[in-house]
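Quick note, the sequence shown lines up with residues 525 to 1174 if you use my numbering.
Beta carbons are placed, not taken as given, at the ideal position from N, Cα and C, and that holds for glycine.
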Amino acid sequence: DKSSPSPKFREVCDTFAVIFTGLESHNFARVIAPNLPKILEEIDKDSALIGIFSSMLLDSRGVGKSHSYDLCAVVVPYILENFDMLGEYEEVPCEKGDTAGDDAKGVAPPPTLRLTNRANNLFKIFNLAFSSLMKHSKNEAAFLPHLQKLTAECLKGSTKGPFLVPNPYSNILRSIFRTISAGKFEDSYKEMHPLVTTILNELYRMYTMTSNEPFRLIIIELCLTLPTRLSVLLPHLPLLMKLVVPALQSNEGDLVNLGLRTLEFWVDNLHPDFLFPIFAQQSSTLCELMLALTHHLQPAPYPYGLLCLRLIGKLGGKNRLFLQEIMAQNRDANEWITAHQLSLQCEWLCQSSPESNEMCDDMEPKVSTSSFLLPLPLERAVEILRLVATSPNIVTKKDVKSTVQSTPIIDKHCSEVLFQDSRCLDVNSLSVELMENTKKEQSKAAFAVIKGALASVLDVNDSGVLPIDCSGTCSNEEEKIESLLEASEDADSGNASVDSDVNTAAFRRICDGLFAAAAHDGLRDEAMGLLKGVAAHVFLVVSSNEKDIIRIDSDGSTTDPFQSPDGYESSDHIDGKIKPLKPFGCFRLSGPLNGDINPFAFNQSLVDALSGCSTLAATEVIHFVIDMFRRINTKIKERNSGDNNNCKAA
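Here you go:
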């Protein structure tokens, strides 16, 4: 098997390489250089023979120690002389299984292209030669005379072909940059110095011209691993900043790590007064950079969260200045927000410029409206309320004998605290009070989001009154027919079901948030008032539309859970046998309820609260609904008895 040579074959390759150990350098070159084409021809026939080069170049003892430099001095010039071979492709006919459809049509399928064996073998040998620099630093001298030409030829070869895609030339350039940047090769840095501007401009030109994502990622890595000193890169930092951002936005772990390390290296070695103006030259770049950094602020086991947190900390107060900049909003994202979740619509009025008004003095300035959407953080608000509700309250024990006084956290006293002696401050109490106040503020902000979402989902009118018919019938039959027609029109529209599902899911999350808020001491009263109001609203909606709520089984057919399969009441014929009940809680909504929020989403949230941490709030809501049912039933009986008495008196 050529792909996995046997141990005996490897031993033969090592023995063949050991033969050259006793040769002097000039004799080794006289033997290998003329016969290198023949050796490559044999390697093309059997790629396992490339192990000979591996032994000669990477072995730290024996032939590798004595002739690694000599072999590099022979291989590198030969590869440069035959540099075009690295980009040679050959046509490969398609297999018969892939051409069945084309043969039936009488059309020959186009052949596919792949690198020749010689190109693959030359690429592997070149990588071995560059890898030898890490074990034998003296091999750097074999590359120095050819380094500039090699880099220029790789840049030229990367643009060959009708499309800009990854090819052996770009991979060789990446191997060169990685190897030199990983070691301390001062002479190579000096050799690359004159080409820095040319390399960066050419790579960025290719980056803007191609849409091939793998090739763009290679270009980003090449720009960030360019082997040169930071002082040489200072004029090019604005260009490199444009490439650090996509590196942080990529899904490649190595590239994200490279972007974070590069940015941290700049922050550690450059003065903030010099570096931050470069960050802020383009507000869009600054916003994208900080948003990309905040995206990686994730807890363990995410590998880059701590590194990103450390980097943002090194930026200091400047890490918040991007919040003052205007951030670009994606129109496609706005459409997605509109169709899939609740959002905040932000609008502002802008007048036309004075120059445009000079053309028409008699006309008033035109006022236009601009707007954009921001997603409502409903999920995050519910999560915060639950986390704060389940977090323990921290209490510090103060030493009675201690003379240190606790200092309350009040805005007007902040300046006084800063000028006090640290020995006179109770830091533990200060930190505990700060954490508790932060939790309260976050809970209030999350509860405000929940209340705003509730008003949006229920669509409360200006008067705050929702008309509900408790009797189950409309006062006017025409209103009943009109509402049914409107409901059918909404059901026929393509977006009705989508909006209904979205609003129902949002309504359930809102109810979850209200139950979570009821576990907070400062929010309990207001949250319970809203929960009872929502429960009353759901109860009255269901009772007033009883005919439009149809019980169904798991197959979707109409059923009565209290009716036996034979059609008789199960309570009338008790035979002692256990019979399964039809499934509860399955309903089909029709009429005005079709295409609207499913009121039974509140029941699901109520069940979750009973089985979770909001048992007391859920129990109180259930008792409230039961009491309301009793009061309504009592009033109906009193009204019916009064009507009967009036009829008898008449």
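Asked: Outcome for S682 when other beta-carbon atoms lying within 10 angstroms are tallied against a minimum of 16; Found: buried
Asked: Whole alpha helix (DSSP H) elements within the region 651-700, 4-residue minimum; Found: 664-667, 671-682
Asked: DSSP three-state assignment for Y826, whether helix, strand or coil; Found: coil
Asked: Which listed residue (I1150, V616, A1040, G1046) has its alpha carbon closest to that of L1134; Found: A1040
Asked: H1044 burial status per 10 Å Cβ neighbour count (16 or more: buried); Found: buried
Asked: At least 3 beta-carbon pairs within less than 8 Å: the region 757-774 vs the region 717-730; Found: yes
Asked: Three-state secondary structure assigned by DSSP to T703; Found: helix
Asked: Helix, strand or coil at Q869 [DSSP, three-state]; Found: strand
Asked: Straight-line Cα distance separating F647 from V616; Found: 20 Å
Asked: Member of M716, I649, A643, F654 whose CA lies at the smallest distance from the CA of N691; Found: A643
Asked: Rounded distance between the beta-carbons of I556 and V598, thought under 8 Å; Found: 5 Å
Asked: Where S953 falls: helix, strand or coil (DSSP); Found: helix
Asked: Alpha helix (DSSP H) segment containing L757, residue limits; Found: 754-757
Asked: Spatial neighbours of K684 in its chain, beta-carbon cut-off 8 Å, leaving aside the 5 residues before and after; Found: G611, N691, Y693
Asked: Residues that E548 bridges to, as DSSP identifies them; Found: DSSP output for E548 lists no bridge partner at all.
Asked: Nearest-angstrom beta carbon gap, E812 and L779 [assumed within contact, 8 Å]; Found: Not a contact, Cβ separation roughly 16 Å.
Asked: Exposure label - A824; buried when at least 16 CB within 10 Å; Found: exposed
Asked: C-alpha gap between V1066 and C1110, whole angstroms; Found: 14 Å
Asked: A916 in three-state terms, based on DSSP; Found: One detail in the question is off: residue 916 reads as Pro in this sequence, not Ala. Correct three-state label for P916: coil.
Asked: Top-ranked residue by Cα proximity to I908, from W872, P916, Q966; Found: Q966
Asked: Residue interval of the beta strand (DSSP E) (run including E615); Found: 613-616
Asked: Beta-carbon proximity list for L761, same chain, < 6 Å, skipping 5 on both sides; Found: I802
Asked: Burial state of E1003 (16 or more Cβ within 10 Å); Found: Low confidence applies to E1003: its pLDDT is 45, below 50, so where it sits in the model is not reliable, and the reading given next is rough at best. Burial call: exposed.
Asked: Range of the contiguous beta strand (DSSP E) that encloses L1178; Found: Absent from the structure is residue 1178, since the part of the chain shown begins at 525 and ends at 1174.
Asked: Cut-off 8 Å between Cβ atoms - residues of its own chain near G707, not counting five sequence neighbours on either side; Found: L657, M658, S661
Asked: CB-CB length for M1152 against F1063, believed under 8 Å; Found: 7 Å
Asked: Beta-carbon gap between F540 and F552 smaller than 8 Å; Found: no
Asked: Option nearest V973 by Cα separation, candidates G1037, V956, S1165, H819; Found: G1037
Asked: Close-in-space but distant-in-sequence residues of the same chain around T722 (CB under 6 Å, 5 per side omitted); Found: none
Asked: Burial state of M733 (16 or more Cβ within 10 Å); Found: exposed
Asked: As assigned by DSSP and simplified to three states, the class of F803; Found: helix
Asked: heavy atom of the ligand ATP below 7 Å from L898 C-beta; Found: This structure lacks the ligand ATP, and indeed carries no ligand of any kind.
Asked: Which of helix, strand or coil DSSP assigns to I1121; Found: coil
Asked: Three-state class that DSSP yields for F1031 in the structure shown; Found: helix
Asked: P751 in three-state terms, based on DSSP; Found: coil
Asked: Test item: CB-CB of L784 and C832 under 8 Å; Found: yes
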